[in-house]
Amino acid sequence: MRFNLKDRDHLKNTLFIFDIDGTLTDSVPMYLISVTNSLLALGISDIDTDYDRYKHHTDSYALRYNYERNFKKTFPKELLDDFEIDLVYQMGMFDPVKEIDGAKSLIRFFKDSNVPFCFATGALPKPAMIKLDQCDIWYDEKLLATSKTHESREGFVLDAIERSKIYYDKENFDRIVSIGDGVWDLKTAQNLSLDFVGIGDKNRIKLLENGAKHCFSTLSAFKESLI
Numbered sequence: 001m002r003f004n005l006k007d008r009d010h011l012k013n014t015l016f017i018f019d020i021d022g023t024l025t026d027s028v029p030m031y032l033i034s035v036t037n038s039l040l041a042l043g044i045s046d047i048d049t050d051y052d053r054y055k056h057h058t059d060s061y062a063l064r065y066n067y068e069r070n071f072k073k074t075f076p077k078e079l080l081d082d083f084e085i086d087l088v089y090q091m092g093m094f095d096p097v098k099e100i101d102g103a104k105s106l107i108r109f110f111k112d113s114n115v116p117f118c119f120a121t122g123a124l125p126k127p128a129m130i131k132l133d134q135c136d137i138w139y140d141e142k143l144l145a146t147s148k149t150h151e152s153r154e155g156f157v158l159d160a161i162e163r164s165k166i167y168y169d170k171e172n173f174d175r176i177v178s179i180g181d182g183v184w185d186l187k188t189a190q191n192l193s194l195d196f197v198g199i200g201d202k203n204r205i206k207l208l209e210n211g212a213k214h215c216f217s218t219l220s221a222f223k224e225s226l227i
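In the numbering used here, the protein residues as written are 1 to 227.
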C-alpha cells in the first residue's frame with residue numbers, strides 16, 4: 001500500500017481510522033488492570049480477566065458482561081458513568097502512559113497534510129482522552145468514537161465514520177482505512193469492508209494469517225510508506 005501525500009485530490013477523500021490502545025498508546029497492560037480494579041470497586045467480585053477472548057473488546061461490554069455474570073440480572077446502563085469515573089481514578093495509580101513510537105509524529109503529519117483521520121476505541125471517552133493527552137497526541141473530541149455509545153467495535157467504527165463526515169464536511173469518503181494492532185481490529189474492518197493496516201510485530205503473524213494484506217512493524221514505517 002502506498003499513498004502519495006502530494007496527491008491531495010486523492011487523499012482528501014480518504015479517511016484513516018486509528019485504534020488507540022496498542023496502536024497509538026502503550027497502554028494495554030495498565031488499562032486492563034485498571035478495568036479489573038474498577039469492576040472490583042463496583043462490587044463485581046467474580047471477574048473474567050481473559051479479556052482477549054471476550055465477544056467485544058470494549059469497556060462497555062466488559063462491564064455489562066461481568067455485571068450480569070455476577071448478579072444474574074440486567075445491567076443498569078447508568079452504571080457505565082460510574083465505571084468511567086472510577087477508571088480515571090484507577091489510571092491515576094499508574095505512571096503516565098507513553099506513545100507507541102512515532103504516534104505523535106504521525107498524527108501531526110496527517111493533520112498538517114490535511115488528511116482526514118479519526119479515532120475509534122473500545123475504551124470510554126475520558127480514559128481515552130487521558131491516554132492521548134499523556135502522550136501529547138493531537139485529537140478533537142468530535143473525532144473520537146468510543147464504546148460509551150456502542151458496545152461492538154463495528155458500532156463505534158461506524159460512529160467514527162459518521163463523525164468524520166460531519167467534521168470534514170463530506171457526504172462520503174472514496175476510501176476508508178482502519179489502522180490497528182489487534183485481530184479484532186482486522187475482523188471489524190473485514191466485517192465493514194474497510195481497508196486495513198496492521199501496526200506492530202506482536203500480532204503480525206496472526207494478522208497475516210487472518211487476511212491482513214498490509215502490516216508495518218512501526219508507525220514510522222507506515223508513515224514512510226505514505227510519502
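For every residue, glycine included, the Cβ atom is placed at its ideal position computed from N, Cα and C. Remember, it's a predicted structure, so these values are computed and weren't measured experimentally.
Give me, in chain order, the residues of the same chain whose beta-carbon lies closer than 8 Å to that of residue i; leave out the 5 immediate sequence neighbours on both sides.
| i | result |
| --- | --- |
| R175 | N13, T14, L15, D195 |
| D159 | A120, A145, T149, H150 |
| I130 | V88, M91 |
| Y141 | In the sequence as displayed, the identity of residue 141 is Glu instead of Tyr. Cβ within range, chain order: P125, M129. |
| L32 | T49, Y51 |
Can you tell me the Cβ-Cβ gap for residue i and residue j, rounded? I've got them flagged as a contact below 8 Å.
| i | j | result |
| --- | --- | --- |
| L144 | P125 | 7 Å |
| D181 | G211 | In fact, because the Cβ distance is near 16 Å, the residues do not count as touching under 8 Å. |
| E151 | N191 | Not a contact, Cβ separation roughly 15 Å. |
| F83 | L132 | Going by Cβ atoms, the distance from F83 to L132 rounds to 20 Å, so no, they are not a contact pair. |
| C118 | S164 | 5 Å |
Counting only the same chain and skipping the five closest in sequence on each side, list residues whose C-beta sits under 6 Å from that of residue i.
| i | result |
| --- | --- |
| Q90 | S34, N37, S38 |
| S178 | I17, A189, L194, F196 |
How far does the alpha helix (DSSP H) with residue i in it reach, from first residue to last?
| i | result |
| --- | --- |
| F83 | 79 to 91 |
| G155 | 153 to 167 |
| R204 | 204 to 209 |
| S34 | 28 to 41 |
| F71 | 59 to 71 |
| F75 | Segment: none, F75 is in no alpha helix (DSSP H) and carries neither H nor E. |
In terms of residues, what are the limits of the beta strand (DSSP E) holding residue i?
| i | result |
| --- | --- |
| V97 | No beta strand (DSSP E) holds V97; DSSP gives it neither H nor E. |
| T14 | 14 to 18 |
| S178 | 175 to 180 |
| D112 | Note, D112: premise wrong, no beta strand (DSSP E); alpha helix (DSSP H) at 103 to 112. |
| F119 | 117 to 120 |
| D195 | 195 to 199 |
Output needed for residue i: all residues of its chain with C-beta closer than 7 Å, excluding positions within five of it in sequence on either side, in chain order.
| i | result |
| --- | --- |
| F109 | K223 |
| W138 | I107, R108, K111 |
| Y168 | P116 |
| V97 | T25, D26, S27, M30, K131, Q134, C135 |
Alpha carbon to alpha carbon, what distance is there between residue j and residue i?
| i | j | result |
| --- | --- | --- |
| G22 | L219 | 11 Å |
| K206 | V157 | 21 Å |
| S45 | F71 | 10 Å |
| K170 | L11 | 13 Å |
| I161 | N172 | 9 Å |
| D185 | K202 | 14 Å |
| M30 | N114 | 33 Å |
| T49 | P127 | 19 Å |
| K187 | G122 | 14 Å |
| D81 | C135 | 24 Å |
| Y61 | E209 | 27 Å |
| L40 | F94 | 17 Å |
| L226 | I166 | 25 Å |
| S217 | R204 | 8 Å |
| I85 | V183 | 29 Å |
| R69 | I47 | 9 Å |
Exercise. Taking one C-beta from the region 17 to 25 and one from the region 75 to 89 each time, how about it: are there three or more such pairs within less than 8 Å?
Worked result: no
Problem set entry | Any 3 or more C-beta pairs closer than 8 Å across the region 63 to 73 and the region 43 to 55 | yes
Exercise. How about the region 100 to 108 and the region 20 to 40: do they share at least three Cβ pairs that are nearer than 8 Å?
Worked result: yes
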